[in-house]
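Protein chains in written order, with my numbering: chain G, 1 to 10; chain V, 1 to 212.
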């Protein structure tokens, strides 16, 4: 599940 | 970006502004836990290390800079400018009981064993428990100023809104980050009894006092 290669959330 | 995350970020920004206003207007940081504020500054510092290296958007960069600047600004007001009003007798929660286990856990449970990722994981875990000294301080003093309770309500709401954001992103973007979701749920649950007191008291115009 993608989502944490780059953390785009603050 | 979705409406839940945007309102969450705005609630977070509002919380920080409310706290700065409280300290600046009352020229006092009575009732505010310096330990929680120190941990929040550590949360932003360890989470936004990629501020320079990893550009996501102007919004993302701007908000990160605001959060970092305001958290250190709060520390400056609390521990330098209005140090005399810092209530250290009631701010006695042992931070090491939080930071050490969180640091250990971030080494054990993370998405990638790299320095930046471990620091990001540390900041996520630390943020979930960073409010404990503040809640502990309120339980010791038995009350909180109304503006401080508004600060806490906004701060607690921000992560609750992020949970809605994660639900939205799971269904519409296939995004799912277990570490952030679990820590976010723990963080929000810690506010539950405060939320109950806030809604049953402050919304009725009463001061936030804990049952003796």
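Cβ atoms here follow ideal geometry from the backbone N, Cα and C, with glycine treated the same way.
Owing to the predicted nature of the structure, the values given are computational and were not obtained by experimental measurement.
Taking C-beta pairs closer than 9 Å, name the residues in chain G that residue i reaches, listed in chain order.
| i | result |
| --- | --- |
| residue 5/V | 9, 10 |
| residue 60/V | 8, 9, 10 |
Out of curiosity, what's the CA-to-CA distance linking residue i and residue j?
| i | j | result |
| --- | --- | --- |
| residue 3/G | residue 171/V | Residue placement at residue 3/G cannot be trusted, given a pLDDT of 47 that sits under 50; the coordinates are not used to answer. |
| residue 128/V | residue 185/V | 8 Å |
| residue 5/V | residue 132/V | 24 Å |
| residue 1/G | residue 126/V | Note that residue 1/G has pLDDT 45, beneath the 50 cutoff, so the model's placement of it is unreliable and the number below is only indicative. Looking at the two C-alpha atoms, the distance is approximately 24 Å. |
| residue 137/V | residue 84/V | 17 Å |
| residue 205/V | residue 53/V | 47 Å |
| residue 27/V | residue 102/V | 33 Å |
| residue 31/V | residue 93/V | 14 Å |
| residue 6/G | residue 56/V | 9 Å |
| residue 18/V | residue 175/V | 32 Å |
| residue 59/V | residue 11/V | 15 Å |
| residue 44/V | residue 65/V | 9 Å |
| residue 38/V | residue 111/V | 26 Å |
Strictly by DSSP, which residues pair up with residue i?
| i | result |
| --- | --- |
| residue 143/V | 209/V |
Could you give the residue range of the alpha helix (DSSP H) that holds residue i?
| i | result |
| --- | --- |
| residue 185/V | 178 to 189 |
| residue 93/V | That residue, residue 93/V, is in no alpha helix (DSSP H); it is neither H nor E in DSSP. |
| residue 12/V | 3 to 26 |
Give me the chain G residues within the contact set of residue i, using Cβ-Cβ distance strictly less than 7 Å, ordered along the chain.
| i | result |
| --- | --- |
| residue 91/V | Residues of chain G passing the Cβ test: none, with the nearest at roughly 26 Å. |
| residue 54/V | 6 |
So residue i contacts chain G; which residues on that side make the cut at Cβ distance below 8 Å?
| i | result |
| --- | --- |
| residue 63/V | 10 |
| residue 9/V | 10 |
(message) Counting beta carbon pairs with one atom in the region 117 to 133 of chain V and one in the region 54 to 71 of chain V, are three or more of them shorter than 8 Å?
(response) Contact annotation: the region 54 to 71 of chain V does not touch the region 117 to 133 of chain V, with fewer than three C-beta pairs closer than 8 Å.
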